[in-house]
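Protein chains: 2
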Amino acid sequence: MSAVEPLGTCPPHNPLGHTVELGRDRPIRLDCGIEMAPVTVAYQTYGRLNADKTNAILLCHALTGDHYVADPHPITGKPGWWIDLVGPGKVFDTDRYFLICSNVLGGCMGTTGPRDINPATGKPWGQTFPVITIGDMVRVQARLVEYLGIDDLFCVIGGSMGGMQVLEWAASYPDKVFSAIPIATAARHSAQNIAFHEVGRQAIIADPDWMGGNYQEAGLRPHRGLAVARMAAHITYLSETALHRKFGRNLQDRDQVSYGFGADFQVESYLRHQGSTFVDRFDANSYLYITRAMDYFDLAAERDGVLANAFKGTRTRFCVVSFSSDWLFPTPESRAVVHALNAVAANVSFVEVQSDKGHDAFLLDEPEFHATLTGFLEGAAEHRGLRRKGNSQP
Amino acid sequence: MSAVEPLGTCPPHNPLGHTVELGRDRPIRLDCGIEMAPVTVAYQTYGRLNADKTNAILLCHALTGDHYVADPHPITGKPGWWIDLVGPGKVFDTDRYFLICSNVLGGCMGTTGPRDINPATGKPWGQTFPVITIGDMVRVQARLVEYLGIDDLFCVIGGSMGGMQVLEWAASYPDKVFSAIPIATAARHSAQNIAFHEVGRQAIIADPDWMGGNYQEAGLRPHRGLAVARMAAHITYLSETALHRKFGRNLQDRDQVSYGFGADFQVESYLRHQGSTFVDRFDANSYLYITRAMDYFDLAAERDGVLANAFKGTRTRFCVVSFSSDWLFPTPESRAVVHALNAVAANVSFVEVQSDKGHDAFLLDEPEFHATLTGFLEGAAEHRGLRRKGNSQP
Chain D
1 MSAVEPLGTC PPHNPLGHTV ELGRDRPIRL DCGIEMAPVT VAYQTYGRLN ADKTNAILLC
61 HALTGDHYVA DPHPITGKPG WWIDLVGPGK VFDTDRYFLI CSNVLGGCMG TTGPRDINPA
121 TGKPWGQTFP VITIGDMVRV QARLVEYLGI DDLFCVIGGS MGGMQVLEWA ASYPDKVFSA
181 IPIATAARHS AQNIAFHEVG RQAIIADPDW MGGNYQEAGL RPHRGLAVAR MAAHITYLSE
241 TALHRKFGRN LQDRDQVSYG FGADFQVESY LRHQGSTFVD RFDANSYLYI TRAMDYFDLA
301 AERDGVLANA FKGTRTRFCV VSFSSDWLFP TPESRAVVHA LNAVAANVSF VEVQSDKGHD
361 AFLLDEPEFH ATLTGFLEGA AEHRGLRRKG NSQP
Chain G
1 MSAVEPLGTC PPHNPLGHTV ELGRDRPIRL DCGIEMAPVT VAYQTYGRLN ADKTNAILLC
61 HALTGDHYVA DPHPITGKPG WWIDLVGPGK VFDTDRYFLI CSNVLGGCMG TTGPRDINPA
121 TGKPWGQTFP VITIGDMVRV QARLVEYLGI DDLFCVIGGS MGGMQVLEWA ASYPDKVFSA
181 IPIATAARHS AQNIAFHEVG RQAIIADPDW MGGNYQEAGL RPHRGLAVAR MAAHITYLSE
241 TALHRKFGRN LQDRDQVSYG FGADFQVESY LRHQGSTFVD RFDANSYLYI TRAMDYFDLA
301 AERDGVLANA FKGTRTRFCV VSFSSDWLFP TPESRAVVHA LNAVAANVSF VEVQSDKGHD
361 AFLLDEPEFH ATLTGFLEGA AEHRGLRRKG NSQP
């Protein structure tokens with residue numbers, strides 16, 4: 001990681017990212033009531049902040065994502081999760097916009113999380129880390145934006161848990177969000193989604209190497225439980241159609257079944273691979289805390305149960321996006337957000353992208369989706385008075 | 001269990017069920033090539049076989065079911081899984097039909113399975129038990145039916161894995177099946193379903209108490225892994241709508257979240273309960289073998305990839321039933337069976353029952369479903385020349 005930057009400066013892109021320590025002077029009050037300080041935030045930037053500071057886009061990552069949006073992942077070496085969307089002339093045109101993405105609170109890629117040392121004890125937080133919320137993640141992001149000297153964001157965008165953060169931003173900091181793009185998300189986690197997360201958590205907790213969350217001190221890692229959790233979750237990220245097209249009942253390496261418990265089917269081999277590679281890059285306790293934050297998310301609940309109350313008086317321009325084959329965050333969840341925004345006469349467009357790729361479509365090559373983003377950002381930029389580089393026309 | 005009955009007799013109902021040892025004289029050749037003998041079969045009967053032996057219905061149970069169809073489960077004490085359907089005047093009218101249900105090969109409720117002692121070694125089979133198929137399960141059932149002195153069955157019926165057995169019966173023993181009712185099932189296990197099963201298997205295998213399958217000799221049981229497997233599977237048995245209606249985001253015991261990892265949400269508590277009670281009544285190795293059998297099931301594959309080939313020349317009367325909200329065995333899977341039957345001009349009716357209860361609907365109070373069964377059985381009974389008791393009209 002690069003050195004800590006002085007207050008109010010926006011560091012240029014660095015493939016390794018940046019870190020900053022926040023809250024030492026002013027602790028961050030979490031929803032659970034605990035005040036946390038300091039909080040280290042790992043983040044990444046692309047492009048340049050303009051003189052008016054009006055071109056900043058905050059990208060919010062999903063459950064197991066991080067701030068390596070368009071850089072090789074430092075552990076896996078794989079390309080960033082939105083690499084196809086970031087760059088000159090791309091959806092997030094780095095000649096035009098200044099992009100920020102930070103690893104969420106509770107994460108394991110540099111921002112303070114359960115894997116880090118609790119300064120009060122000198123030991124890893126583990127299960128003594130406070131249970132955090134999407135609101136807490138956004139609170140920390142708001143501090144980062146403030147630290148960077150940016151008053152308000154041109155756009156906040158993200159898919160899945162990133163979309164929850166977008167909605168939270170719009171609800172909690174309406175004056176700091178010019179436009180918002182919540183993608184493949186919901187204003188509250190459904191019973192089925194809580195159930196799938198609970199299976200993952202129980203798989204981790206059932207692993208004896210989890211050791212009540214204190215595996216680090218014992219020099220262990222609950223690899224097996226975390227891999228099972230990932231496998232279960234991964235199924236929910238794909239559509240049945242996508243799984244059928246990719247694998248169907250195709251056999252692995254053989255012409256016929258083995259009459260054994262090896263990975264006879266390609267889909268088994270694929271899932272096992274997903275599980276085993278995940279444990280190399282992710283922390284089990286982080287997985288527990290972040291899934292919990294998603295389960296707790298319910299934007300209406302704290303507002304008399306009326307979702308529209310979350311957006312009363314908003315001047316933010318919204319573009320809500322869902323994918324037709326996403327069964328984890330199905331279109332009706334997005335429609336509920338749109339209805340709430342309509343109820344307060346917000347400026348909102350809604351696109352259900354036709355795709356058979358399931359929830360993960362927001363991370364994949366989906367031209368209609370990318371065209372939607374480009375079009376919406378274009379319109380918002382015009383309203384914001386952002387000009388294209390080398391173009392004197394508004 | 002009651003004493004072994006002499007060949008060719010149909011024992012009356014006994015709440016504890018019956019057992020019989022089969023294959024000692026004529027081993028049962030399994031799909032993997034192994035010859036198995038003897039095979040103990042635990043089964044249950046309801047009603048009386050008529051003099052013509054034309055009123056026998058074979059009920060095929062699902063993955064974790066057993067032959068206690070309408071009796072209290074000997075371990076849990078819970079009512080049988082189809083108790084509402086079995087009895088005088090009910091869907092399966094015990095005044096009219098003779099019902100048979102046997103625990104499947106590989107099971108853990110009395111029929112030979114991995115928990116039993118391998119006579120060749122004197123030790124529990126464990127992972128040395130041969131990998132079985134739906135075809136093997138049906139082969140053993142056919143031997144039981146033969147042992148009971150029944151030439152052909154008036155009806156074979158079952159849901160989910162039970163439905164796979166029904167299809168296998170119709171394909172492998174067409175002359176022994178007068179009518180067949182495959183419910184909430186498919187002619188081949190889909191990639192998504194294999195994936196969910198693989199998660200469950202990996203959860204079991206990841207449990208150190210599984211001990212490579214030899215947990216019995218060590219006096220252990222992989223409770224934690226099996227509970228996680230059950231939790232993951234259980235989600236797939238319910239529809240999102242059913243989970244939302246039953247639990248939504250309702251909290252357990254409290255007015256607000258705990259900021260901890262206890263079961264804050266009712267749906268978490270429910271799932272944990274499903275997991276923890278399951279391990280009391282089910283064997284982990286049985287779970288591995290039976291899920292594998294379902295994954296291997298592909299009726300078309302062994303018949304040049306053409307499903308219709310499985311039913312060529314069939315004279316069986318079919319009633320195919322699906323449930324509109326079943327996403328584990330969705331209606332298109334049933335429709336594929338119907339199309340194959342139509343292609344060979346079979347006698348087939350097809351009903352998609354409108355229900356929001358998901359896959360488990362076949363085990364629940366669904367009046368339209370029960371009326372469908374009654375109506376179809378009534379028509380088939382008429383064709384079979386079965387008369388109602390105390391009714392001289394055909």
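Line by line, the protein sequences are chains D and G.
Sequential numbering from 1 applies to the first sequence in UniProt numbering.
Sequential numbering from 1 applies to the second sequence in UniProt numbering.
From the three backbone atoms N, C-alpha and C, an ideal C-beta is built for every residue, glycine too.
Predicted model only: the values in this text are computed from it and were never measured.
Smallest Cα separation from Thr-133 (chain G): which of G:Gly-113, G:Pro-119, G:Pro-124?
G:Gly-113
Suppose the cutoff is 7 Å on Cβ atoms and the five residues either side in sequence are ignored; what does the same chain contact list for Gly-126 (chain D) look like?
Pro-114, Gly-213, Asn-214, Gln-216, Asn-285
For Val-91 (chain G) and His-339 (chain G), believed in contact at Cβ under 8 Å, the rounded distance:
His-339 (chain G) to Val-91 (chain G), Cβ: 27 Å. No contact.
Chain G beta carbons: is any one of them nearer than 8 Å to that of Phe-323 (chain D)?
no
Tyr-43 (chain G), DSSP secondary structure in three states
strand
Would you please state the rounded distance, in angstroms, between the beta carbons of Ile-28 (chain D) and Arg-143 (chain D)? I believe it to be under 8 Å.
6 Å
Out of D:Leu-364, D:Gly-122, D:Glu-368, D:Leu-373, state which residue places its alpha-carbon closest to the alpha-carbon of residue 396 (chain D).
The question about residue 396 (chain D) has no answer here: the residues shown for chain D are numbered 1 through 394.
Whose CA, out of D:Tyr-287, D:Arg-188, D:Asp-95, lies closest to the CA of Arg-249 (chain G)?
D:Arg-188
Just how far apart, CA to CA, sit Val-320 (chain D) and Gly-163 (chain D)?
9 Å
Terminal residues of the continuous alpha helix (DSSP H) containing Val-338 (chain G)?
331-343
Using a C-beta cutoff of 8 Å, does Glu-268 (chain D) count as contacting chain G?
yes
Strictly by DSSP, which residues pair up with Glu-21 (chain G)?
G:Thr-40
Per DSSP, the bridge partner or partners of Ala-180 (chain G):
G:Val-156, G:Phe-318
Spatial neighbours of Pro-38 (chain G) within its chain, please: C-beta separation below 7 Å, excluding the five flanking residues on both sides.
Glu-21, Leu-22, Gly-23, Arg-24
Determine the direct distance from the alpha carbon of Lys-53 (chain G) to that of Ala-242 (chain D), and round the result to whole angstroms.
49 Å
Excluding sequence positions up to five away, which residues of its chain have a Cβ less than 6 Å from the Cβ of Ala-361 (chain G)?
Phe-323, Ser-355
I think Ala-336 (chain G) touches Thr-314 (chain G), with their Cβ atoms under 8 Å apart; what is that distance to the nearest whole Å?
Actually they are not in contact, since the Cβ atoms of Ala-336 (chain G) and Thr-314 (chain G) sit about 16 Å apart, beyond 8 Å.
Test: His-273 (chain D) CB closer than 8 Å to a CB of chain G
no
Residues near Trp-169 (chain D) by beta carbon distance below 6 Å, same chain, minus five either side:
Val-138, Val-156, Val-177
Within 8 Å of any Cβ in chain G, is that where the Cβ of residue 403 (chain D) sits?
Missing from the structure shown is residue 403 (chain D); chain D here goes from 1 to 394 and no further.
Just reading off the alpha helix (DSSP H) that Phe-380 (chain G) is part of, what are its end residues?
Reading the sequence as shown, one finds Ala at residue 380 (chain G) and not Phe. Unbroken alpha helix (DSSP H) run through Ala-380 (chain G): 367-384.
Could you check the C-alpha separation between Ser-276 (chain D) and Val-166 (chain G) for me, to the nearest Å?
38 Å
Quick one: Cα of His-244 (chain D) to Cα of Trp-327 (chain G), how far?
14 Å
State buried or exposed for Asn-55 (chain D), treating a residue as buried only when at least 16 other CB atoms are found within 10 Å of its CB.
buried
Less than 8 Å between the CB atoms is what I'm expecting for Gln-252 (chain D) and Glu-240 (chain G), so what's the real figure, rounded?
That pair is no contact at about 31 Å.
Chain C partners of Phe-247 (chain D), CB-CB under 8 Å?
No chain C appears in the structure shown, which is made up of the protein chains D and G.
Kindly indicate the opening and closing residues of the beta strand (DSSP E) around Asn-55 (chain D).
Counting along the chain, Asn-55 (chain D) falls outside any beta strand (DSSP E), and DSSP gives it neither H nor E.
State yes or no: is the C-beta of Asp-52 (chain D) nearer than 7 Å to some heavy atom of the ligand MG?
No copy of the ligand MG occurs in the structure displayed, which carries no ligand at all.
Just the Cα atoms here: how many angstroms apart are Ala-203 (chain D) and Val-145 (chain G)?
42 Å
Whole-Å CB distance - Ala-195 (chain D) paired with Val-267 (chain G), under 8 Å assumed
5 Å
Chain D contact for Tyr-215 (chain G) (CB, 8 Å cutoff):
no
Hey, Thr-372 (chain D) and Val-353 (chain D): beta-carbon distance below 8 Å or not?
yes
Of the residues that make up the segment 158-181 of chain D, which ones have a beta carbon closer than 9 Å to any beta carbon in chain G?
none
Using DSSP with H/G/I as helix, E/B as strand and the rest coil, what is Asn-309 (chain D)?
helix
Residue-chain proximity (Glu-188 (chain D), chain G), Cβ-Cβ < 8 Å:
Checking the displayed sequence, the identity of residue 188 (chain D) turns out to be Arg instead of Glu. With 8 Å as the cut-off, Arg-188 (chain D) counts as an interface residue toward chain G.
May I ask you to list the residues that DSSP assigns as paired with Cys-60 (chain G)?
G:Gly-158
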